[in-house]
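One line per chain: the protein sequences are A and B, in this order. Residues in the first sequence are numbered from 379 upward in steps of one, following our numbering. Residues in the second sequence are numbered from 379 upward in steps of one, following our numbering. Since the structure comes first, as structure tokens, the remarks are kept for the end.
Number of protein chains: 2
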Amino acid sequence: MDLDSLRINGARLQHTLEEMAKIGATPAGGVQRLACSDEDKRARDLLVSWLREIDCEVTIDTMGNIFGRYAGTDPSLPPVMSGSHVDSQPKGGRFDGILGVMGPLEVLRTLHENGVRPKRSVVLVDWTNEEGSRFAPAMVASGVWAGKLDLQWAYDRTDIHGKKQGDELERIGYKGSAPCEAFPVHAYYELHIEQGPMLEAKGMIIGAPKGVLCLHWYDIHLEGTANQVGPTPMEGRNDALVAAAEMIIKVDQLPAAMGGNMVATVGEIHNYPNSRNIIPDGVHFTIDIRSWDDDHALAAFDKLRPQMLEIAQRHGTPIRIEETWKVVKAPFDQDLFERVYATGVKLGYPTMKWVSGAGHDASYMNQVMPSAMIFVPSIGGRSHVEVEETRWEDCEAGANVLLHCLLENANEI
Amino acid sequence: MDLDSLRINGARLQHTLEEMAKIGATPAGGVQRLACSDEDKRARDLLVSWLREIDCEVTIDTMGNIFGRYAGTDPSLPPVMSGSHVDSQPKGGRFDGILGVMGPLEVLRTLHENGVRPKRSVVLVDWTNEEGSRFAPAMVASGVWAGKLDLQWAYDRTDIHGKKQGDELERIGYKGSAPCEAFPVHAYYELHIEQGPMLEAKGMIIGAPKGVLCLHWYDIHLEGTANQVGPTPMEGRNDALVAAAEMIIKVDQLPAAMGGNMVATVGEIHNYPNSRNIIPDGVHFTIDIRSWDDDHALAAFDKLRPQMLEIAQRHGTPIRIEETWKVVKAPFDQDLFERVYATGVKLGYPTMKWVSGAGHDASYMNQVMPSAMIFVPSIGGRSHVEVEETRWEDCEAGANVLLHCLLENANEI
Chain A
379 MDLDSLRING
389 ARLQHTLEEM
399 AKIGATPAGG
409 VQRLACSDED
419 KRARDLLVSW
429 LREIDCEVTI
439 DTMGNIFGRY
449 AGTDPSLPPV
459 MSGSHVDSQP
469 KGGRFDGILG
479 VMGPLEVLRT
489 LHENGVRPKR
499 SVVLVDWTNE
509 EGSRFAPAMV
519 ASGVWAGKLD
529 LQWAYDRTDI
539 HGKKQGDELE
549 RIGYKGSAPC
559 EAFPVHAYYE
569 LHIEQGPMLE
579 AKGMIIGAPK
589 GVLCLHWYDI
599 HLEGTANQVG
609 PTPMEGRNDA
619 LVAAAEMIIK
629 VDQLPAAMGG
639 NMVATVGEIH
649 NYPNSRNIIP
659 DGVHFTIDIR
669 SWDDDHALAA
679 FDKLRPQMLE
689 IAQRHGTPIR
699 IEETWKVVKA
709 PFDQDLFERV
719 YATGVKLGYP
729 TMKWVSGAGH
739 DASYMNQVMP
749 SAMIFVPSIG
759 GRSHVEVEET
769 RWEDCEAGAN
779 VLLHCLLENA
789 NEI
Chain B
379 MDLDSLRING
389 ARLQHTLEEM
399 AKIGATPAGG
409 VQRLACSDED
419 KRARDLLVSW
429 LREIDCEVTI
439 DTMGNIFGRY
449 AGTDPSLPPV
459 MSGSHVDSQP
469 KGGRFDGILG
479 VMGPLEVLRT
489 LHENGVRPKR
499 SVVLVDWTNE
509 EGSRFAPAMV
519 ASGVWAGKLD
529 LQWAYDRTDI
539 HGKKQGDELE
549 RIGYKGSAPC
559 EAFPVHAYYE
569 LHIEQGPMLE
579 AKGMIIGAPK
589 GVLCLHWYDI
599 HLEGTANQVG
609 PTPMEGRNDA
619 LVAAAEMIIK
629 VDQLPAAMGG
639 NMVATVGEIH
649 NYPNSRNIIP
659 DGVHFTIDIR
669 SWDDDHALAA
679 FDKLRPQMLE
689 IAQRHGTPIR
699 IEETWKVVKA
709 PFDQDLFERV
719 YATGVKLGYP
729 TMKWVSGAGH
739 DASYMNQVMP
749 SAMIFVPSIG
759 GRSHVEVEET
769 RWEDCEAGAN
779 VLLHCLLENA
789 NEI
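Spelled out as structure tokens, the structure:
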């Protein structure tokens, strides 16, 4: 048959996503499928049954990752692979992660019903606990698979009730027996919603991210002097929250001051004793700086640091700065990235090159095999919320791009 | 005997305070005696035993307030009264409240050992739960006694474990049978640490507060738009925490902008979802404004409100402003206030007129009887913390002023 004219079934993809969204559905239209929860198990069971319907060989590894292999004609060649995650944020959306699992499922169904057997096998993967909401950190199972994180350490991660990830994986019946370790893969693609507003803003349907931004996390600790607010004059106060407020504004102003493609955010703050009539004597807040350019991000913090020291000095609130986490910029495989872009254009979708601001399982894959991602628009740029939304025709477009990227790689030697 | 030369026993007062500080002592040198706790009960038992040693008639009312009556020569005259509270903040200090109970105890001991019987009886009082830390609100039992709060409502206040104040009062054996209602009192004095730095800063030992500052509490709610920080550019963000930070700085600048004797504080902030990689979509923070002049405080908020609206507008973070609580300025009885000042001067202590920035049980007493307070210095202005400290000789000075104020009122007709 003419592979170039092959397209996935958009209506079936929509139906599949809608069926999956019933598992853990929230009243406000989102889903809650925390890693290794009962909802996660039901979603996995459904995925496995769907994979078996199209004669895929299903393997579960010791970290609970689910692989569905659609056999190619030459089993000696390393397969191509695509996947993402079925787990969600608490009160998350219906597209984050799951589109990257149902998308390749739809690709496999399309190949199956058309009797298309590429040279290489095509493997669908569901990575356990991408979100890290219940058991930190995020992307843990793809990290173990890629050899970047330790399996036992991952088992020992606990949720807020003290339950271990390994025990919960076993409880839901998904602690498999296959070793959780990388096997040779010819090319890896991850279809995902953008989780930002740029594709929509620019009227694009397909985004080809050239890589994942670098990420720098800092934890700032300020120490003030607690006192009853009424009898303590303004002069001579050491108010840790006022000092923090000045710093938060400096962080917000940093990208504009630095120029370039950069974001800087304070997402988390803890104030002590946090009583309305006591002057705050302790504040802990976080800073997240991301940029396409590592040096640019470091230069930004070099600009910010003396500003924070000056503020702390002026308020008499000693400061401690912790550099918590650092991830260097990760360009995707140049050929696969160009293939995503070219495929989007070839199929007639408005397509742009872009970057990924967030980490994904593809970040770990990218370290051990040629990898790239395919983005589709998030309406209003919203994600990690129940109102997260992507148009069905954009889901279809993304899956068609995935189909043809996978096919090309699967048929090359 | 020559009453003018009568002085309390400073060493005994120190010993008494030290004995009391053993009950609920914390490793860092403070005390934790939460209202209606086992520690509160032990402190009350000790107080009652000490009152009985000097032939005081002890009465417990239905709100657990303890009255110790040292009989005067004319039982037909309304008594004079002095007291404060034995309960403490969690990890509070060794002087807040308890000095105002051990001070009058030392006064009664001095009268008793010298055989001094004034015309009017002298009543010592321990008010239940002044702090409001375990069961909100603060000053609840003096409020019920003054007829400003409802007894059953006070019983129904619960702690974080859901335990009711009334039940806990009964559990520790201090739900008495005397009605909790105001009886005629000729004059009420409360001895208390300043809880601010002014007496120390000015080299004073006795402060005569002319009254309690007015107090205005506001709750501010901001609504932002949650999004993943990485993929969301700075332009078009609705970051509720950045908007809050700008407002916190405006609040801090308000007293300087308004001039006069004013303090303005943000003590409490709650940020949502408070995750380091999600743009904050909700912030709730409090504002506390105090001034000697009610109009001045209201004018300050009138200045602040449009600034906050402009900030909310600019950030696209809808704002809701709640006026949570308001207490008008409360001048103490002019004669008693002048008597405190004159007595401090007469006894040779550096004495100043001042104001009280914080509310005390005397605030409720002041509404139903002639009332005034006596302040002694807080070292470094520290209070509501374990390092709270007042010099022993200053405690002695305060108790001597209390002795002579009470004596003068107790001997007048």
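Note that CB positions come from ideal geometry on N, CA and C, so glycine has one too. All figures in this text were calculated on a predicted structure; none of them were measured in a lab.
query: Inter-residue CB distance, B:W505 and B:S462 (contact presumed, cutoff 8 angstroms); result: 7 angstroms
query: Stretch-stretch touch, CB-based, cutoff 8 angstroms, three pairs: the stretch 543–552 of chain A with the stretch 401–419 of chain A; result: yes
query: Paired residues, beta bridge with A:R668 - DSSP; result: A:L593, A:V641
query: B:M751 in three-state terms, based on DSSP; result: strand
query: Any C-beta of chain A under 8 angstroms from that of B:G735; result: yes
query: Proximal residues of chain B, C-beta to C-beta of A:Q392 below 9 angstroms; result: Simply none; closest approach about 24 angstroms.
query: C-alpha distance - B:A634 paired with B:A677, whole-angstrom precision; result: 13 angstroms
query: Near-chain B residues of the stretch 700–718 of chain A - C-beta to any C-beta below 9 angstroms; result: T702
query: Straight-line gap, B:V644 to B:N616 (C-alpha atoms, nearest Å); result: 22 angstroms
query: Per-residue contacts from A:R654 into chain B (C-beta, under 7 angstroms); result: W595, G645, E646, T664, D666
query: Beta-carbon gap between B:V754 and B:A775 smaller than 8 angstroms; result: yes
query: Where A:F561 sits in the DSSP three-state scheme; result: coil
query: DSSP three-state assignment for B:M792, whether helix, strand or coil; result: Outside the modelled stretch of chain B, which goes from 379 to 791, sits residue 792 of chain B, for which no answer is possible.
query: Residues that B:L619 contacts on chain A, provided the C-beta gap is smaller than 7 angstroms; result: I626, V644, I647
query: C-beta contact flag for A:I401 and A:A777 at 8 angstroms; result: no
query: Complete runs of the beta strand (DSSP E) confined to the stretch 508–593 of chain B [at least 3 residues]; result: 565–571, 584–590
query: In chain order, each alpha helix (DSSP H) run of at least 4 residues that lies wholly inside the stretch 691–725 of chain A; result: 712–724
query: N- and C-terminal bounds of the beta strand (DSSP E) containing B:I444; result: 444–448
query: B:F663 (DSSP reduced to helix, strand or coil); result: strand
query: Reduced DSSP secondary structure (H/G/I, E/B, other) of A:A389; result: helix
query: Rounded straight-line distance, which links the Cα of B:R487 to that of B:R430; result: 11 angstroms
query: Residue range of the unbroken alpha helix (DSSP H) whose run includes A:N605; result: Unbroken run through A:N605: none, as it is neither H nor E.
query: Simplified DSSP state of A:N778, which is helix, strand or coil; result: helix
query: Local conformation of A:I656 per DSSP, three classes; result: strand
query: A:P405 versus A:G470, A:Q530, A:F679, residue with shortest Cα-Cα distance; result: A:G470
query: Under 8 angstroms from the C-beta of B:V641: neighbouring residues of chain A; result: V607, G608, T610, P611, M612
query: Local Cβ density within 10 Å of A:Q530, reported as buried at 16 or more and exposed below that; result: exposed
query: Helix, strand or coil at A:S427 [DSSP, three-state]; result: helix
query: Beta carbon proximity, A:P658 to chain B, threshold 8 angstroms; result: yes
query: For B:V763, the first and last residue of its enclosing beta strand (DSSP E); result: It is not in any beta strand (DSSP E) - B:V763 carries neither H nor E in the DSSP assignment.
query: Members of the stretch 754–781 of chain B near chain A, C-beta cut-off 9 angstroms; result: S756, G758, G759, R760, S761, H762, V763
query: Per-residue DSSP class, three states only, for A:W505; result: coil
query: When B:R390, B:T437, B:S511 are compared against B:E484, the one with the closest alpha-carbon; result: B:R390
query: Where the beta strand (DSSP E) through A:G471 begins and ends; result: A:G471 -> no beta strand (DSSP E), and no H or E assigned at all.
query: Best match in B:V464, B:V436, B:E396 for proximity to B:L569 [C-alpha to C-alpha]; result: B:V464
query: Assigned secondary structure, A:K419 (DSSP; H/G/I helix, E/B strand, else coil); result: helix
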